[in-house]
Amino acid sequence: MSVVILVQILFLLLHYPVDCSSSVICHPNESSALLQFKDTLTSHTNSYAYCGDKLPAIDTWVKDTDCCLWDGITCDGLTGDVIGLDLSCRPLGGKIAPNTTLLLLSHLQRLNLAYTYFDDSSIPSSGFSLWTNLTYLNLSTCGLSGQTPSDLHRLSKLVSLDLSGNDLEFDFNTNGLENILANLTELIDLDLSEVNMSLISSEAFLNLSSSLRTLRFSDCSLRGNFDGDFARFKSLELFDLSYNNDFVLNMTTANWPSSLRSLNLYATGSSGELLEHSIGNLKSMEYLDLSFNNLFGLIPTSLGNLESLEYLYLRNNNLSGSVPHTLGNLKQLKFLDLSSNHFSGQIPDIYADLRKLEFLYLFGNDFSGQLPPSMFKLTELYSLDISFNNLNGTIPSWLFALPSLNGLDLQNNNLNGPIKHFQNPHHSSLKYVRLSDNMIDGPIPISIFELTNLTELDLSSNKLSGIIEWSMLQKLKNLENLNLSNNSQLSLTSNTDISFNLTNLWKMTLSSCNITEFPYFLSTQQALTALDLSNNRIHGQFSKQKSEGWKSLQFLNLSGNFLTGLDQHPWQNIDTLDLNFNWLQGQLSVPPPSIRQFMVSNNRLSGEIPSFICNLGSIQVLDLSNNGFSGLIPKCLGIMMNWLVILDLRNNNFSGKIPEVFGNSGSLVYLNLHGNNFEGPLPPSLGNCSGLRILDFGNNNIRDTFPHWLEALPNLEILILRSNSFHGEVGDPSVDHPFPSLQILDLSHNHFTGFVPIKLMQNLKSVVYVDKDANLPEYVGDKLFVGRYQYFLVDAPLISLIIKGWGVELRKILTILTVVDCSSNEFRGEIPEEIGMLKSLVVLNFSHNSLTGRIPLSFANLTNMESLDLSSNKLVGEIPSQLTLLSFLAVLNLTFNQLKGQIPQGKQFNTFANDSYVGNLGLCGFPLSQKCSSGEPPQLSPSPIPHEEEDSQGWFDWKFALMGYGCGMVFGLSMGYIVLATRKPQWIVRIIEERQHRRVRRPYPRRTTRRRNH
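Here the sequence shown is numbered in the working numbering, starting from -7 and rising by one per residue.
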């Protein structure tokens, strides 16, 4: 009898395999359930984008056929039950209904719907209890949203669970991770990446199955601190906690299972030191990523014990010291990234045995010395980046001969000497070479121009010399980007006979290359999109004929040349045209309608602005500053206010009233009308320009009262009203929170009367408090984007400082620079004690008024003060000794008051010269020659009080300019402080830069640019 049963079993196994070859196996109810589910699906072409090749759809799902033979279906070979459904990576989408018929497949063991797009459907809140046999569940990247299912914990046989890549979240109160995972004791593989777990306690890790093999919690918004004890997971091979910035893992106490092969803690907020015992025992480790964390200290030498390691990432930490030579033991290493740390000393000569290394990134450190010779043996090296270090010596010629090298980046070092001729491999793989910002001299070797696969060549900002002929570029058939700028001894010929086309060349930067004629060879480069020929010696006039044919050109910088004229419609599709600092004369030639950024400042243009400039329907930046334009601003300019972001008309001869054209502007950020002849009141429509950040009406003939209607502008950072005919009392603000972003207020050289507007100042949030400890230094005008190219509100000079006839142009205004200047007005009364509340104030100027009383003791609270000018008033009493607490105070002017008594001694006061106190008859003590005595104060010969017009430029003069035109260029802004007029400008600039660097904490993550001293 038993033999008969055994034969029957063998018969069933032979005739009914797992893939089900007989139609009798499929149960009608399961076939019907699958067909009903199919009816809810639609075609979705992008659902398989991350899965490789397109898989077939489910066309085999046909009624009255065996469902066990359908695509993606697996049946039990004995019972015919559907035990597997795999529709992953197919071009399918649709909706998952709460009562989806999939729940009727009660024998299901494996369900894989990864990359099937379900259009923000929710996972059924109940029904998992019907799948008691489910061991594998993959719903990755399905477009699901909402809560994770409440009865997920019923899947007690689950071995693999993947809910990653969806907009799901765990509800801490109902179906928290702790409750769900406590019952999933058989789990081996768990992936919850991108599931919102922000409410989950870090203690939830203690409920995870100790048998886990892979664990992925990437980008889950995890929070809290964890001591890093994962040793209980004795089978764990892969652990991914990346992109959980608020999850702080203590690496000093970390304890890892020896089975670990892959550990990814990228940007987790991990902190502490890497200790020998916590790293050295991971002998099976193949992948280790600890980048973008707060790790510090040395790299443990035990890292060299990880002999299976293939990928090591330690980028953007605070690691320091030298790199241990034990890393040379990692013979399987393919990728090594130690960039953006504080490593110093020479690069260790450890590469002789790293024959499999493909990527080596050491940029952004403090490495010095020369490249180690053992790098010559890195025959598999694909990319080498040691930029932004302090390497010196010459570039070894063998670098260019590495057979697999695709990219070489050594920019921003101290490399010197010439680039030596090198033997070029017959099929060089080099595609980009970046050697900019070094001290490389001599001619460019011809072998550079034989790198036929080169797409990018950047040799800018060196000391290269010699002559470059255009014909030398002919072999670079794949060239896309060429930058030879800022090599003062390099010259480029302008051979008009040469003719060839580099079909991929889209960007060429040749600033400061001694070019004397326009290289018309470039006009035949059909793909050329961006061209920078600034700061050369190109003379003459461009005709319309010469400038036609540049169909692809969108960015052109011709600033800093000697151009005298330009025809009306050059470069038919131009987007950005920079003609600043030339000799253009006569009427303004309006660019084509495609223009977005048009800059013609510092030329000799004259006449009125032609009305047809208002036909430029895309323009966002218009800079006509520092010319001889005159007449009225065209009223049609109001049409452009819908899209104009930057308007700079400073230092011309415009006259008349400022027109009411700004009411429709929601985009205007920068408006500069400084140094013209505008008159009448300010247009109240400016109060509608909610995006304004910089507003300068200085040095005009405007007659008006204080514009309280500007107080509601939420983003205004700088307001300059100086040197006009504003009058009346400033008074109290008209809104509860005036000027919420204002950091510089200049009311000087007007006719304001009444008391110091203390209520207005008390409400200036940026003056009362600024976060001086912000990680990253920010500048006025940062994060401003215009048009296609990144555009920063920076171009020299933002502020001109005129000090006793010395002109100093400073370029960077940090957002921590706060200034209040009420000088040269008719304010009266005492200086309010409330001024001491303005704790972030850096520059305060009340000079040339009629202020009386004593210097407030509350000034001792102005701990960030760097410049204080109270000169030419009627102040009495002694100089408060509490002012010696102002440790940043660099400039003090108390001249021409009625102060008396001994000058305070100590700290900054020991640095102030006599000219800080001139005109105060009763002062004595250092630095004055008059000694103090116990009797009456000394009587000194009175010094003449200077006339206001004579001293009107004696302290400072703000002149704002548009900063920073250029494709991919970032110009900094420099902070300007008031300094003593007896100092030389070079001294001023040096002190300003030193103080700026002391006050701004080094950014973290580590900088991507740094100051160089050649």
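Beta carbons are placed, not taken as given, at the ideal position from N, Cα and C, and that holds for glycine.
Residue of the options minimising C-alpha distance to residue i
i	options	result
PHE888	ASN841, SER873, THR903	ASN841
ASP221	THR245, MET464, GLY917	THR245
LEU328	SER312, ASP341, ARG307	ARG307
ALA852	ALA519, VAL748, LEU881	LEU881
ASP738	GLY746, PRO706, ILE686, PRO725	ILE686
ASN755	PHE288, GLY119, TYR909, LEU833	LEU833
SER227	ASP238, LEU204, LEU241, ASN607	LEU204
PHE1070	GLY746, HIS729, SER659	Nothing about residue 1070 can be read from this structure; the chain reaches only from -7 to 1006.
GLY620	VAL637, LYS30, LEU580	LEU580
GLY658	TRP635, PHE718, GLY898	TRP635
PRO725	LEU624, GLU703, ASN716	GLU703
ILE436	LEU96, GLU461, GLY64, ALA196	GLU461
ILE507	ASP56, LEU482, GLU161, LEU497	LEU482
THR260	SER420, ASN309, ASP78	ASN309
ASN357	SER331, ARG347, ASP345, TYR343	SER331
8 angstroms CB neighbourhood of residue i in its chain, flanking five on each side removed
i	result
PHE110	GLY85, GLY86, LYS87, ILE88, CYS134, GLY135, LEU136
TRP575	PHE554, LEU555, THR556, ASN595, ARG596
ALA519	LEU494, THR495, ASN496, LEU497, TRP498, SER544
Close-in-space but distant-in-sequence residues of the same chain around residue i (CB under 6 angstroms, 5 per side omitted)
i	result
ASN362	Note that residue 362 corresponds to Gln in the displayed sequence, not to Asn. GLY385.
LEU1012	Because the chain here runs from -7 to 1006, residue 1012 falls outside it and cannot be looked at.
GLN782	Only weak support exists for where GLN782 lies, its pLDDT of 39 falling under 50; the coordinates are left without a value.
ASP68	ILE75
VAL425	LEU400, LEU449
SER201	THR177, LEU179
ASP813	ASP738, SER740, ASN837
TYR303	TYR279, PHE327
ASN430	ASN405, LEU407, ASN454
LEU639	LEU614, LEU663
SER210	SER185, ASP232, SER234, TYR235
8 angstroms contact criterion, which residue i and residue j should meet: CB distance rounded
i	j	result
SER544	THR521	5 angstroms
PRO249	PHE218	No, PRO249 and PHE218 are not in contact; Cβ-Cβ is about 15 angstroms, not under 8 angstroms.
ALA905	PRO919	6 angstroms
LEU867	LEU836	No, LEU867 and LEU836 are not in contact; Cβ-Cβ is about 14 angstroms, not under 8 angstroms.
MET189	LEU214	6 angstroms
SER503	ASN473	With 8 angstroms as the limit, SER503 and ASN473 do not qualify as a contact, their Cβ atoms being about 14 angstroms apart.
ILE378	LEU402	6 angstroms
Per DSSP, cross-strand counterpart(s) of residue i
i	result
TYR128	ARG102, SER152
PHE239	GLY216
PHE335	GLY313
LYS467	According to DSSP, LYS467 bridges with nothing at all.
LYS649	GLU671
THR743	The question names Thr, but residue 743 is His in the sequence shown. HIS743 pairs with HIS719.
SER859	VAL835, VAL883
ASN382	SER360
LYS892	GLY914
MET633	MET633 pairs with nothing; no bridge assigned.
HIS531	PHE554
ILE710	ILE686, ILE736
ARG208	ASP183, ASP232
LYS866	THR844
ASN473	GLU448, LYS499
CB contact check: residue i to chain D, cutoff 9 angstroms
i	result
GLU302	Among the chains of the structure shown, chain D does not appear; only one protein chain is present.
Where residue i falls, given that 16 or more other Cβ within 10 Å makes a residue buried
i	result
LYS923	exposed
GLU825	exposed
LEU849	exposed
TRP950	For TRP950, the pLDDT reaches just 38, beneath the cut-off of 50, and the residue's location in the model is therefore unreliable, although a value from the coordinates is still provided. Under this definition TRP950 is a buried residue.
ILE172	buried
VAL727	exposed
ILE438	exposed
HIS317	exposed
Contacting residues, own chain, Cβ-Cβ under 7 angstroms from residue i (five flanking each side not counted)
i	result
GLU442	ASN416, LYS467
LEU373	LEU349, GLU350, LEU352, LEU394, SER396, LEU397
LEU267	THR244, PRO292
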